[in-house]
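For reference, the structure discussed in these notes is given below.
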Amino acid sequence: MLNKGDFVQVLDEDEEGVVIEVRQGEVTIETKDGFVLTYKTAELLKVNKEQETDIRKASSASLVQSALNDKKMPAKRSFTKEKRSRKDEFVLEIDLHIEKLTKNHSQMEKFDILTLQLDTARRQLEFAIIKRIPRIVFIHGVGEGILRTELEYLFGRYPEVIFEDANYQKYGLGAMQIYIKQNINR
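Structure representation (structure tokens):
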């Protein structure tokens with residue numbers, strides 16, 4: 009129960025003051041700045057003068073501590089990196105879209121387009137085997153799946169080649185990733 013002269017704080021706002029009138033569930037307070045405001049009794053918290061200074065100290069101390077914690081640099085994590093050679097990091101990407109392979113593709117037949125794409129894939133794969141490039145990504149596009157089927161047949165003829173779908177997040181559905189087993193005797 010609040011009475012005239014009690015010191016109160018407003019729960020949902022940053023206001024406080026002295027009760028100057030209590031009437032039918034509504035309390036009128038005068039703030040430190042001299043404003044007269046009316047609130048419902050449930051919106052106010054009665055505070056003793058000793059509690060008020062303690063609350064202020066606690067809240068300002070926690071605010072200061074919170075600000076200091078925010079300013080601290082995050083602790084560096086210690087972890088050991090797996091050592092990789094530069095060769096492992098390099099990925100050869102070959103785009104087999106016909107517009108990337110030739111300028112005058114509009115006059116070509118579908119068979120000629122497919123033949124050019126497969127010849128390019130074969131040349132690049134053999135280049136990678138000779139140069140000992142461990143990973144290649146062939147970007148073939150989604151389309152009807154004819155080029156993909158032919159690429160699978162081509163890659164299946166090389167015993168040192170393992171192929172799978174490329175990273176979906178990076179390439180989408182239209183790419184294959186090739187791993188070339190490195191033979192030391194070569």
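Under this note's numbering, the letters of the sequence shown match residues 9 to 194, in that order. Using N, Cα and C, we set each Cβ at its ideal position, and we do this for glycine too.
**Asked** Any chance the region 178 to 190 sits against the region 141 to 157, with 3 or more Cβ pairs inside 8 Å?
**Response** Output reads yes: the region 141 to 157 touches the region 178 to 190.
**Message:** Can you check which of these residues, A50, Q17, R130 and N56, is closest to E38 by C-alpha distance?
**Reply:** Looking only at A50, Q17, R130 and N56, the smallest Cα-Cα distance to E38 is reached by Q17.
**Item:** For N56 and A247, the rounded distance between their alpha carbons
**Value:** With the chain covering only 9 through 194, there is no way to say anything about residue 247.
**Prompt:** Whose C-alpha, out of D20, E21, V27 and E23, is nearest the C-alpha of D14?
**Reply:** Of the candidates D20, E21, V27 and E23, the one whose C-alpha sits nearest the C-alpha of D14 is V27.
**Asked** So what does DSSP say about A220, is it helix, strand or coil?
**Response** Because the chain in this structure spans residues 9 to 194, residue 220 falls outside the shown range and cannot be described.
**Request:** Pull up the distance between the alpha-carbon of F98 and that of K139, whole angstroms please.
**Result:** Taking the straight line from one Cα to the other gives about 12 Å.
**Message:** With three or more beta-carbon pairs closer than 8 Å as the criterion, would you say the region 111 to 125 touches the region 166 to 181?
**Reply:** Under the Cβ criterion (8 Å, minimum of three pairs), the region 111 to 125 does not count as touching the region 166 to 181.
**Prompt:** What first and last residue would you give for the alpha helix (DSSP H) that runs through T123?
**Reply:** Per DSSP, T123 belongs to the alpha helix (DSSP H) from K118 to I138.
**Request:** Tell me whether L133 is buried or exposed, calling it buried when 16 or more other Cβ atoms sit within 10 Å of its Cβ.
**Result:** It is buried - the Cβ of L133 has at least 16 other Cβ atoms within 10 Å.
**Request:** My understanding is that V150 touches L100, with C-beta atoms under 8 Å, so please give their C-beta distance in whole angstroms.
**Result:** Wrong, their Cβ atoms sit about 21 Å apart, outside the cutoff.
**Prompt:** Under a three-way DSSP split, which group does Y161 fall into?
**Reply:** In the three-state scheme derived from DSSP, where H, G and I count as helix and E and B as strand, Y161 is classed as helix.
**Prompt:** In angstroms, rounded to a whole number, what distance separates the CA positions of E160 and L109?
**Reply:** Here the C-alpha atom of E160 lies approximately 20 Å from the C-alpha atom of L109.
**Prompt:** In terms of DSSP beta bridges, what is I144 paired with?
**Reply:** DSSP output for I144 lists L100 and I186 as bridge partner(s).
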